[in-house]
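In our numbering, the protein residues as written are 10 to 298. A virtual CB, placed ideally from N, CA and C, is assigned to each residue, including glycine. Computed from a predicted model, the values in this text were never measured in an experiment. Encoded as structure tokens, the structure appears first; notes follow it.
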């Protein structure tokens, strides 16, 4: 979606300290007038991070071109959050970088990596030059009752790509309560259940649409086993979930940490209990897929 640069924004910071900081280079732009201490990220052609539809948009960005990206949050107007706790519950420092227990979270990326929408723009430019620009998509999902499987099939119908079911070596019980109890035990132990299935040729996929039910307010531990089973360097992961009440946002910190450690970028999540093709397309477009 194109918007006028004059309406853009990005979060509170002292201008002098940011100008001196190596975390902000090409792309980071300081506001004007009453917004002279606030920053937004310019993607060019009137584009920027932050959308009216989202309270928070997260992006991994390598502002100084050193091949190490930090994770930043943008509000619905495009202003970067800084020195605060974001509305979805994560801490960002005075430079706007996501922190855990005071430590800035980082991820190895291609030097100058400018987030998912910038990557999408580059792909479009390649296509205009006649270069192959399509991304190979994998729709991977874990499903106990079939609800997530149905959502995965609906998403594949829109996104295309290959469909893959994540299965565990020791199946979960038929009993609902026994499954709940086992899921709780695995969560408390931060377990990694062994998987009975594996992806052949994972290196050939660029985008992974990753589906799961929400168990105890987060992803099943089998999802973490799946993520840690592969080198995910340079891949984009878009999570989707089915849930009886919890939001997908509760599972996002784990996914960002685990997938980030394997070299992946995690885009925005989608709660997929009941979706139209238009909603699926909007989610994919939002993340440059």
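Among the options, nearest to residue i - alpha-carbon criterion
{"i": "residue 254", "options": "235, 270, 227 and 193", "result": "227"}
{"i": "residue 240", "options": "209, 263, 225 and 224", "result": "209"}
{"i": "residue 84", "options": "47, 194, 110 and 242", "result": "47"}
{"i": "residue 231", "options": "244, 243, 194 and 213", "result": "194"}
{"i": "residue 277", "options": "82, 163, 122 and 186", "result": "82"}
{"i": "residue 213", "options": "263, 242 and 233", "result": "242"}
{"i": "residue 69", "options": "117, 43, 211 and 229", "result": "117"}
{"i": "residue 95", "options": "45, 77, 183 and 258", "result": "258"}
{"i": "residue 229", "options": "260, 119 and 122", "result": "260"}
{"i": "residue 145", "options": "235, 262 and 211", "result": "211"}
{"i": "residue 104", "options": "172, 112 and 127", "result": "112"}
{"i": "residue 248", "options": "160, 60 and 38", "result": "160"}
{"i": "residue 196", "options": "185, 184, 225 and 172", "result": "225"}
{"i": "residue 53", "options": "123, 61 and 199", "result": "123"}
{"i": "residue 200", "options": "184, 237 and 172", "result": "237"}
One or two residues paired with residue i in a DSSP bridge
{"i": "residue 112", "result": "109"}
{"i": "residue 240", "result": "Answer is none; residue 240 lacks a bridge partner."}
{"i": "residue 246", "result": "217 and 275"}
{"i": "residue 89", "result": "83"}
{"i": "residue 262", "result": "Answer is none; residue 262 lacks a bridge partner."}
{"i": "residue 287", "result": "Residue 287 pairs with nothing; no bridge assigned."}
{"i": "residue 177", "result": "204"}
{"i": "residue 150", "result": "174 and 220"}
{"i": "residue 39", "result": "48"}
{"i": "residue 225", "result": "Answer is none; residue 225 lacks a bridge partner."}
{"i": "residue 56", "result": "53"}
{"i": "residue 101", "result": "93 and 107"}
{"i": "residue 63", "result": "DSSP lists no partner for residue 63."}
{"i": "residue 77", "result": "117"}
{"i": "residue 251", "result": "222"}
{"i": "residue 68", "result": "81"}
{"i": "residue 280", "result": "250"}
Rounded Cβ spacing between residue i and residue j (contact assumed at less than 8 Å)
{"i": "residue 365", "j": "residue 51", "result": "Nothing can be reported for residue 365, as the shown portion of the chain is limited to 10 through 298."}
{"i": "residue 163", "j": "residue 77", "result": "About 37 Å separates the two Cβ atoms, so there is no contact after all."}
{"i": "residue 263", "j": "residue 233", "result": "7 Å"}
{"i": "residue 125", "j": "residue 297", "result": "5 Å"}
Own chain partners of residue i with C-beta closer than 8 Å, once the 5 adjacent residues on each side are dropped
{"i": "residue 294", "result": "none"}
{"i": "residue 114", "result": "79, 80, 106, 107, 108, 265, 266 and 269"}
{"i": "residue 182", "result": "188 and 191"}
{"i": "residue 120", "result": "71, 74, 75 and 76"}
{"i": "residue 42", "result": "none"}
{"i": "residue 284", "result": "160, 163 and 164"}
Distance cut-off 8 Å: residue i Cβ against heavy atoms of the ligand SAH
{"i": "residue 296", "result": "No copy of the ligand SAH appears in this structure; indeed no ligand is present at all."}
Chain-order list of residues whose beta-carbon lies under 6 Å from that of residue i (same chain, five-residue window excluded)
{"i": "residue 313", "result": "A query on residue 313 cannot be resolved here, the shown segment of the chain reaching from 10 to 298 and no further."}
{"i": "residue 40", "result": "47"}
{"i": "residue 100", "result": "94 and 108"}
{"i": "residue 141", "result": "A caution first: residue 141 carries a pLDDT of 43, below 50, which makes its placement in the model unreliable, though a value can still be read off. Same-chain partners within the cutoff: there are none."}
{"i": "residue 102", "result": "108"}
{"i": "residue 274", "result": "69 and 245"}
{"i": "residue 235", "result": "175"}
{"i": "residue 97", "result": "65 and 258"}
{"i": "residue 172", "result": "148 and 165"}
{"i": "residue 292", "result": "279"}
{"i": "residue 186", "result": "none"}
Own chain residues within Cβ distance below 7 Å of residue i, not counting five before or after
{"i": "residue 286", "result": "167"}
{"i": "residue 57", "result": "17, 49, 50, 51 and 87"}
{"i": "residue 153", "result": "181, 188 and 222"}
{"i": "residue 157", "result": "150, 151, 220, 221, 222 and 251"}
{"i": "residue 280", "result": "250, 252, 256 and 257"}
9 Å Cβ cutoff, residue i in contact with chain E
{"i": "residue 180", "result": "Considering every chain present, this structure includes no chain E. It has just one protein chain."}
inquiry  = Taking contact to mean 3 or more Cβ pairs, one atom from each stretch, closer than 8 Å, check whether the stretch 89-98 and the stretch 61-77 are in contact.
reply    = The stretch 89-98 is in contact with the stretch 61-77.
ask   = Three or more beta-carbon pairs under 8 Å between the stretch 148-163 and the stretch 257-270, yes or no?
value = Contact between the stretch 148-163 and the stretch 257-270 is absent, because fewer than three Cβ pairs lie under 8 Å.
query = Using 8 Å as the Cβ pair cut-off and three pairs as the minimum, do the stretch 170-181 and the stretch 200-219 touch?
reply = Contact check between the stretch 170-181 and the stretch 200-219: three or more CB pairs, one atom from each, fall below 8 Å, which counts as touching.
query = Counting pairs of Cβ atoms below 8 Å between the stretch 217-233 and the stretch 163-170, do you hit three or more?
reply = Yes, the stretch 217-233 touches the stretch 163-170.
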